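Enquirer: Numbering (the working numbering), first residue to last: 2 to 143. Glycine included, each C-beta is placed from N, C-alpha and C at the ideal position. Note that the coordinates shown come from a computational prediction; the quantities given were computed from them, not determined experimentally.
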């Protein structure tokens with residue numbers, strides 16, 4: 002609709018907790034919804050809502066209705082932030098550990114402390130490992 006220039010007008014509507022955007026096209030009016038949740042999208046800041054209407058929707062002139070806006074109702078807390086930050090930190094720590102392991106292996110190959118394993122040696126080791134596991138399984142009665 003944006004590319005086809007079907008949007009006739011827009012209204013930035015003050016809500017408790019933010020600003021919604023309502024577009025008019027044809028004889029229809031629709032609020033902009035979030036992609037994932039399909040709920041009405043709220044911008045916390047009037048400037049970002051206005052920039053969305055201007056830059057993304059291509060509407061240069063639009064209305065602003067502040068009648069229902071309540072800035073005290075804005076909930077700034079994000080309950081998932083702490084968990085997301087913990088996961089990001091753990092991922093960064095794992096990435097650093099993994100990169101260090103790879104670099105250590107590469108350095109070991111370069112200085113000769115790590116040697117390549119020949120295919121026949123690997124096959125022998127792997128066959129012995131499988132035989133060992135089979136003996137353990139037989140001894141445990143499984």
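Using a threshold of 7 Å, state whether the C-beta atoms of residue 24 and residue 31 are closer than that.
Expert: Against the chain shown, residue 24 aligns to sequence position 23. Against the chain shown, residue 31 aligns to sequence position 30. Yes, the pair counts as a contact, with Cβ atoms nearer than the cut-off.
Enquirer: Considering residue 30, what are the terminal residues of the beta strand (DSSP E) in which it resides?
Expert: Numbered from its first residue, the chain shown carries residue 30 at position 29. Run containing residue 30: 29-32, per the beta strand (DSSP E) assignment.
Enquirer: Who are the near neighbours of residue 20 in its chain, counting only those whose CB is closer than 6 Å to its CB and skipping five residues on each side?
Expert: Locating residue 20 in the chain shown gives position 19, counting from the first residue. So the qualifying residues of the chain are 13, 44, 47, 50.
Enquirer: With 16 as the cutoff for other CB atoms within 10 Å, does residue 103 come out buried or exposed?
Expert: For the purposes of this step, residue 103 is taken as the residue at position 102 of the chain shown. By the 10 Å Cβ count, residue 103 comes out exposed.
Enquirer: Using three-state DSSP, classify residue 12 as helix, strand or coil.
Expert: Working through the chain shown from its first residue, we reach residue 12 at position 11. Strand.
Enquirer: To the nearest angstrom, how far is it from the Cα of residue 34 to the Cα of residue 40?
Expert: Reading the chain shown from its first residue, position 33 is the one you call residue 34. Reading the chain shown from its first residue, position 39 is the one you call residue 40. Whole-angstrom Cα-Cα distance: 5 Å.
Enquirer: According to DSSP, is residue 19 part of a helix, a strand, or is it coil?
Expert: As a first step, residue 19 must be located in the chain shown, where it is residue number 18. Residue 19 sits in a strand when the DSSP states are folded into three classes.
Enquirer: Going by beta-carbon coordinates alone, are residue 15 and residue 95 separated by less than 7 Å?
Expert: The sequence position of residue 15 within the chain shown is 14, counting from 1. The sequence position of residue 95 within the chain shown is 94, counting from 1. No, Cβ-Cβ distance for residue 15 and residue 95 is not below 7 Å.
Enquirer: According to DSSP, simplified to helix, strand and coil, what is residue 119?
Expert: By one-based count along the chain shown, residue 119 stands at place 118. Residue state, collapsed to three classes: coil.
Enquirer: So for residue 64, helix, strand or coil by DSSP?
Expert: Locating residue 64 in the chain shown gives position 63, counting from the first residue. Of the three classes helix, strand and coil, the one that applies to residue 64 here is strand, per DSSP.
Enquirer: Just checking my contact of residue 17 with residue 74 at CB under 8 Å: how many whole Å lie between their CB atoms?
Expert: Mapped onto the chain shown, residue 17 falls at position 16. Mapped onto the chain shown, residue 74 falls at position 73. That belief holds up - the Cβ atoms of residue 17 and residue 74 are roughly 4 Å apart, short of 8 Å.
Enquirer: Would you check if the distance between the CB atom of residue 60 and the CB atom of residue 8 is smaller than 7 Å?
Expert: Start at 1 with the first residue of the chain shown, and residue 60 comes out as number 59. Start at 1 with the first residue of the chain shown, and residue 8 comes out as number 7. A contact, by the Cβ cut-off of 7 Å.
Enquirer: Kindly indicate which three-state DSSP category residue 81 falls into: helix, strand or coil?
Expert: In the chain shown, the residue the question calls residue 81 occupies position 80. In the structure shown, residue 81 falls within a coil segment according to DSSP collapsed to helix, strand and coil.
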